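Undergrad: Okay, so the sequence shown: first residue is 44 according to the numbering used here, each after it adds one.
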Amino acid sequence: MKIQEADAKSLLVTQGLPVPAWELARTPGEVKAAAQRFFDAGNAKVVIKAQVLVGGRGKAGGVKLAASADEATEVGSRILGMDIKGITVRKVIVGGAVDIVKEYYLGVIIDRATRRIVLMASAEGGVEIEEVARANPGAIHRVSADPQLGLLAFQARGLGLAVGLRDSLLTQFVAIAQGLYATMKANDADLVEINPLAVVAGTAAGGSATQQLVCLDAKITLDDSGLARHPALESLRDSDEEDPTDARARKLGINFIRLDGTIGCMVNGAGLAMTTMDLVKHYGGEPANFLDVGGGARHETVRGAIELILDDPNVKAILVNIFGGITRGDEVAAGLIEARSSQSREVPMVVRIVGTNAEEAARLLREAHLETATSLDEAAEKAVALAKGATR
Ligand code: GDP
Ligand code: MN
């Protein structure tokens, strides 16, 4: 689950990370009032940033500075309602603008190959990291946290040194890197990314010039499977921007991931779903989705799953593969028959149900004239043929 910058920044603040203050605004009037507070607090400029769950807002015109409350109102009314990569901007953050000296990149991700949490840093911040990875991969430095000990200070220091930080900025970097690691762990995040992590110029109490590292932008993706452990984070879901298909799947308790093939797959169990997709590919087809209805699915869930599959116009055939344990075959068959009677369009379907109540399922399917298969190989092969429009 992606969360908005403002919410990501709140999670960073909880871990004690340096984030410039901000306020959320939904109308030009709110922008004006917030901007006025920042000017009253001594800021010479304010920054106004679109809150949408896509990157590259700056380039798209969704990040602007303003030097007066009136200018902020005008900029705010231009950004609110703006379309950024197909998403309408409904809210912005308003904050005191900082004086940027240099922009760095710092991200924390899970590296599935090494099964570790990896920190990545680059002195080429502010631009999209994918672009840096493509044009200048050597500019990205990495370090893996220890699964038991976490991210040790010397590791963070090594990363900071690699991107060219020294002295006080290096010390600040170590605290930030460890804070990002802590944010990742505390919230079961998949990704915590600060781009830019900026060196900003300031003045100390005595009037001397200072430099500080601050998190100017924040992107956090939470692990959906970890959300059950953090009920409070559920409120950060932005339903305005959630894909409607994803929202329906989530409400049905179905694990659903859209792919670009033509064979819709409905399976119980993640491992079986992967095997099913492998066999579809083995017989020359392409799966249109990954779909795991979970254990013990009732007929309503099965019907909902078929509806989700049929919503994808690329689907040319459906392959149902159920290994009944706690899932009852007859219950699945009933759901399929219900779906058939109310479905939005005609798509051929092959059903393989084995295990609990398979005989009852077979009888129901036969009476409803649904195409069945006994082995998974046979089912996959038939589905691929049907998707290619072959006659049986
Ligand atoms: P993104 O384009 O969606 O990644 O949005 P960012 O929050 O990263 O903002 C884009 C760029 O705007 C940053 O890389 C900065 O260069 C600039 N920016 C953001 N906040 C400030 C600020 O307070 N002061 C100044 N001068 N520039 C800012
Ligand atoms: Mn950014």
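Heads up, the beta-carbon is just placed ideally off N, CA and C, and yes, glycines get one too. Please read all numbers here as calculations on a predicted model, not as lab measurements.
For the ligand GDP, I want to know if Ala110 counts as a neighbour, meaning its beta carbon is within less than 7 Å of at least one of the ligand's heavy atoms.
TA: No, the Cβ of Ala110 stays beyond 7 Å of every heavy atom of the ligand GDP.
Undergrad: Quick check: what's the CA-CA separation for Ser418 versus Val427?
TA: About 14 Å.
Undergrad: The ligand ATP heavy atoms versus the CB of Pro71: any closer than 7 Å?
TA: The ligand content of the structure shown is limited to the ligand GDP and the ligand MN, which means the ligand ATP is not among them.
Undergrad: Contact defined as beta carbons within less than 8 Å: I believe Met317 pairs with Val336. What is the distance between those atoms, to the nearest angstrom?
TA: Going by Cβ atoms, the distance from Met317 to Val336 rounds to 14 Å, so no, they are not a contact pair.
Undergrad: Taking all protein chains shown into account, do 16 or more other C-beta atoms lie within 10 angstroms of the C-beta of Ile300, making it buried, or fewer, making it exposed?
TA: It is exposed - the Cβ of Ile300 has fewer than 16 other Cβ atoms within 10 Å.
Undergrad: So if I measure from each beta-carbon to every heavy atom of the ligand MN and keep distances below 5 Å, which residues remain?
TA: This selection yields Asn238, Asp260.
Undergrad: With respect to the beta strand (DSSP E) encompassing Ile263, which residues constitute its N-terminal and C-terminal limits?
TA: Unbroken beta strand (DSSP E) run through Ile263: 262-265.
Undergrad: Round the Cβ separation of Glu48 and Lys92 to the nearest angstrom and send it over; I've been treating them as touching at under 8 Å.
TA: Correct: roughly 7 Å between the Cβ atoms.
Undergrad: Buried or exposed: which applies to Gly203, given that a residue is buried once 16 or more other Cβ atoms fall within 10 Å of its Cβ?
TA: Its Cβ being crowded by 16 or more others within 10 Å, Gly203 is buried.
Undergrad: Specify the secondary structure class of Thr318 as computed by DSSP and reduced to three states.
TA: Three-state result, Thr318: helix.
Undergrad: Under the three-state reduction of DSSP, which class applies to Thr434: helix, strand or coil?
TA: Bear in mind that a pLDDT of 45 at Thr434, under 50, signals an unreliable position, so the number given afterwards is only what the model happens to contain. Three-state DSSP puts Thr434 in coil, outside helix and strand.
Undergrad: For the segment 68-85 against the segment 127-147, are there 3 or more C-beta pairs whose distance is under 8 Å?
TA: Enough Cβ pairs lie closer than 8 Å, so yes.
Undergrad: Just the Cα atoms here: how many angstroms apart are Thr226 and Ser384?
TA: Near 49 Å, if we compare the C-alpha coordinates of Ser384 and Thr226.
Undergrad: For Val144, collect the residues of the same chain with a Cβ closer than 7 Å to its Cβ; drop the 5 residues on either side in sequence, then sort them by chain order.
TA: The answer, listed in chain order, is Val242, Val243, Ala244, Gln254.
Undergrad: On the DSSP bridge assignment, give the partners of Thr415 in chain order.
TA: Looking at the DSSP assignment, Thr415 forms a beta bridge with Val394.
Undergrad: So, is Arg155 buried or exposed, given that buried needs 16 or more other C-beta atoms within 10 angstroms?
TA: Exposed, because fewer than 16 other Cβ atoms sit within 10 Å of the Cβ of Arg155.
Undergrad: Fully enclosed by the segment 163-226, which alpha helix (DSSP H) runs are 4 residues long or longer?
TA: List check, alpha helix (DSSP H) in window: 172-178, 196-205.
Undergrad: If you reduce the DSSP assignment to three classes, tell me which class Gln386 lands in.
TA: In this structure, Gln386 counts as coil in the three-state DSSP scheme.
Undergrad: Going by beta-carbon coordinates alone, are Ala218 and Leu194 separated by less than 8 Å?
TA: Result no, Cβ atoms of Ala218 and Leu194 do not sit closer than 8 Å.
Undergrad: Which term fits Ala290, buried or exposed, when burial requires 16 or more other beta carbons within 10 angstroms of its beta carbon?
TA: Burial call: exposed.
Undergrad: If you count every other CB in all the chains shown that lies within 10 Å of the CB of Gln191, and 16 or more means buried, which is it?
TA: Burial call: exposed.
Undergrad: Using C-beta distances below 8 Å, list every residue in its chain close to Cys142, excluding the 5 sequence neighbours before and after it, in chain order.
TA: According to the sequence shown, residue 142 is Asp rather than Cys. Val243, Ala244, Gly245.
Undergrad: DSSP state of Asp373, grouped into three classes?
TA: Asp373 falls in the helix class under three-state DSSP.
Undergrad: Identify which residue in Gly222, Ala340, Pro330, Val170 has its Cα closest to the Cα of Gly296.
TA: Among Gly222, Ala340, Pro330, Val170, the Cα nearest to that of Gly296 belongs to Ala340.
Undergrad: Just the Cα atoms here: how many angstroms apart are Ser251 and Val90?
TA: About 25 Å.
Undergrad: Any heavy atom of the ligand GDP inside 7 Å of the beta-carbon of Gly98?
TA: Yes; taking the cut-off as 7 Å, the Cβ of Gly98 has a heavy atom of the ligand GDP nearer than that.
Undergrad: Is the beta carbon of Val106 less than 8 Å from the beta carbon of Ile130?
TA: No, the Cβ-Cβ distance between Val106 and Ile130 is not below 8 Å.
Undergrad: Tell me which residue opens and which closes the beta strand (DSSP E) that Leu256 is part of.
TA: Unbroken beta strand (DSSP E) run through Leu256: 252-258.
Undergrad: Measuring from the CB of Lys102, is there a heavy atom of the ligand GDP at a distance below 7 Å?
TA: Answer for Lys102: yes, Cβ within range of the ligand GDP.
Undergrad: Touch check for the segment 396-405 and the segment 362-374: three-plus C-beta pairs under 8 Å?
TA: Yes, since at least three Cβ pairs between the segment 396-405 and the segment 362-374 fall closer than 8 Å, the two stretches touch.
Undergrad: Could you name the residues of the same chain whose beta carbon sits closer than 6 Å to that of Gly269, not counting the 5 residues immediately before and after it, in chain order?
TA: Cβ neighbours of Gly269 beyond the five flanking positions: Asp231.
Undergrad: Going by DSSP, which residues form a beta bridge with Thr246?
TA: For Thr246, which the question treats as bridged, DSSP gives the partners Ala252.
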